[in-house]
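Here is the structure we will look at, set down as structure tokens.
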Amino acid sequence: METILEAQGVSKRFGNGRGIGQISLTVNAGDIVGLFGQNGAGKTTMLKAVTGLCRPDEGTIRLFGFDLNTHFEQAMTRVGCVIEAADAYDYMTGKQNLRQAARYYPDVPASRIEEVLEMTGLAPYQNERAKHYSLGMKQRLALAAALLPEPRLVILDEPTNGLDIEGMVELRGTIARLAREEGIAFLISSHMLSHLEPIVTTVGILHRGDLIRFGRRFELVPPDVTLEDYYLEAIQSGKGEDVHERTAG
Ligand SMILES: Nc1ncnc2c1ncn2[C@@H]1O[C@H](COP(=O)(O)OP(=O)(O)OP(=O)(O)O)[C@@H](O)[C@H]1O
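Numbering (UniProt numbering), first residue to last: 1 to 249.
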């Protein structure tokens, strides 16, 4: 299995003492990693660290074997991300938004814009202005933009926020298909377990800045236990020994 992302002992403490501590995790091709935790657990901080949007105080992050700190461009070439806002220019059509987004990358051919519109199911709506898009369509447009550079890893921060049931089901379906058919790895944060439960292959639980559980779902979660019960048990037993066992292993 190709290793795409490796984080080792990543810590970031803000002036107020909050942040994340000693986080280690690995993402392989085709994984759909759900990073779960309550508000303020440190999910966004971790995602920002792995995309270079915030610089950790300690630890190393390798993407495709390249150290993010010393080889940023090589590390990020095959990474697409949507962090904090699924923003679109309202007055532009979906397709125009993607043309605009494509300008941030060195060489995205026009045919790739057509491809990502198809991949995200937006092709029929490509000539409508984004102001007429539902929130679910805007989320898909953001995902489409993240797919432009043909990423092998896509990082999404709370992509299901504000989606209705149909929007969520569609987005999940798109993510699962891209992981299965294209081998794209996904690292996705959510404070709502149920939103991603049907598709995650790997589970990470962040609690007060510590990654208290991380591993392949079928190894961590017994088949008769829901992710929600697993999460609650993990939170109740606190960080305890697991962090040390996991980072040592
Ligand atoms: N720039 C900053 N300065 C100070 N504290 C910060 C900063 N960014 C985040 N924090 C704090 O670090 C902790 C982790 O925040 P983070 O945004 O990573 O959490 P989260 O799990 O993404 O939460 P949410 O689900 O609310 O987005 C929080 O306590 C937050 O208040």
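Note that the Cβ used here is the ideal one computed from N, Cα and C, for glycine as well.
Sequence-distant residues of the same chain with beta carbon closer than 6 angstroms to residue i, five excluded per side
i           : result
residue 227 : 193 and 197
residue 32  : 179, 186, 199, 200 and 201
residue 42  : 20, 206 and 209
residue 88  : 97, 130, 138 and 141
residue 221 : 230
residue 151 : 78, 79 and 80
residue 61  : 7, 50 and 68
Counted within 10 angstroms of its Cβ, other Cβ atoms place residue i as buried (16 or more) or exposed
i           : result
residue 111 : exposed
residue 127 : exposed
residue 116 : buried
residue 237 : exposed
residue 225 : exposed
residue 76  : buried
Simplified DSSP assignment, three categories, for residue i
i           : result
residue 248 : Bear in mind that the predicted position of residue 248 carries a pLDDT of just 38, short of 50, making it unreliable; the figure below should be weighed with that in mind. It is helical.
residue 100 : helix
residue 165 : helix
residue 240 : Because the pLDDT of residue 240 is 45, which lies under 50, any placement of that residue in the model is unreliable, and the question is left without a value.
residue 140 : helix
residue 36  : strand
residue 5   : strand
residue 153 : strand
residue 235 : helix
residue 113 : helix
Chain-order list of residues whose beta-carbon lies under 7 angstroms from that of residue i (same chain, five-residue window excluded)
i           : result
residue 268 : This structure cannot settle anything about residue 268, because the visible part of the chain is limited to 1 through 249.
residue 177 : none
residue 164 : 136
C-alpha distance - residue i paired with residue j, whole-angstrom precision
i           : j           : result
residue 212 : residue 219 : 15 angstroms
residue 109 : residue 133 : 25 angstroms
residue 70  : residue 26  : 19 angstroms
residue 37  : residue 235 : 9 angstroms
residue 79  : residue 153 : 5 angstroms
residue 182 : residue 30  : 8 angstroms
residue 82  : residue 156 : 5 angstroms
residue 100 : residue 91  : 12 angstroms
residue 279 : residue 168 : Residue 279 lies beyond the range of the chain shown here (1 to 249); nothing can be said about it.
Cβ neighbours of residue i in the same chain (closer than 8 angstroms, five flanking residues each side left out)
i           : result
residue 105 : 148 and 149
residue 231 : 36, 193 and 205
For ligand 1, residues whose Cβ lies under 6 angstroms from any non-hydrogen atom: 14, 16, 18, 19, 37, 39, 40, 41, 42, 43, 44, 45 and 191
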